[in-house]
Structures are given as structure tokens and as C-alpha cells.
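Encoded as C-alpha cells, the structure appears first; notes follow it.
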Amino acid sequence: TASSYTRSNVEISDAGSYSVVITNVAGSVVSSNAILEVHLPAPPQIDRIRLLPGGQIELRVSGAPGHYAVESSTNFVNWMELTNFVTSESVFEYIEVETSLPQRFYRVKLIP
């Protein structure tokens, strides 16, 4: 028997009011309610896009540490994943070396 309860992989739908019922041979008791609030990390943000010598594109991204995917598109409809990675940093950079297309759009997503 423990005096605390840990819940992992919490989702927004888990937010709410919780209580505990404890029962033994002497009877049962109900705890007062505890409120669980779930806060999602802020979405990643591309802070800077820079053209490097040689034509590469550098993206500077800020966000919570986590697992990210960098994607590109030529039309905002069809997206292609360029890379995915895990970072413990809140600011990171990605360099795109394939620059043969006349225009390209980028997005960065936090992934599970």
C-alpha cells in the first residue's frame, strides 16, 4: 500500500476530479476530491529560416524537449517528413541540404 498514486501517459481527457475509496475490515472511507489538470507543451515554433552558403536552408526551432518531425511541402497539402529526432534542448537547428526545388514550405511537429 502506497500513500501516493502515479498516472503516466496522461491525456487531456484525463483531466477532472478524482477521489479514492479505501476499504478494510473496519469499514471504508472516501477521500476528498483531488483535481487533475493536464497542460500540453507549447507547440514548436520556427524562429528563423536562413539561407546558408552553398544553398542549404537552416531552421532554428524552439519548443519543449521531446520527439520532433521536420516536414516540407511545395503546396501546403502534401507533406514529406525530412527527419525526426529526440532532443533534450529547448532550441535546436535543422539544416536542409536538398535545395533543388524552387520553393518549399516547412513545419515542425511534436510527435508521440
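Quick note on numbering: the sequence shown equals residues 195 to 306 in the working numbering.
C-beta atoms are modelled at their ideal positions from N, C-alpha and C, and glycine is treated no differently.
All values derive from a computational prediction rather than experimental measurement.
Return the Cβ separation of V214 and S225 in integer angstroms, given the expectation that the two are a contact with Cβ distance under 8 Å. 4 Å
Hey, quick one: how far does the beta strand (DSSP E) through S213 stretch, first residue to last? It is not in any beta strand (DSSP E) - S213 carries neither H nor E in the DSSP assignment.
To the nearest angstrom, how far is it from the Cα of E252 to the Cα of V302? 13 Å
Endpoints, beta strand (DSSP E) assigned at H261: G260 to S267
Cα separation between S256 and Q239? 5 Å
Assign Y262 to buried or exposed, taking buried as 16 or more other Cβ atoms, counted over all protein chains shown, within 10 Å of its Cβ. buried
Determine whether the beta carbon atoms of S266 and R298 lie at a separation below 7 Å. yes
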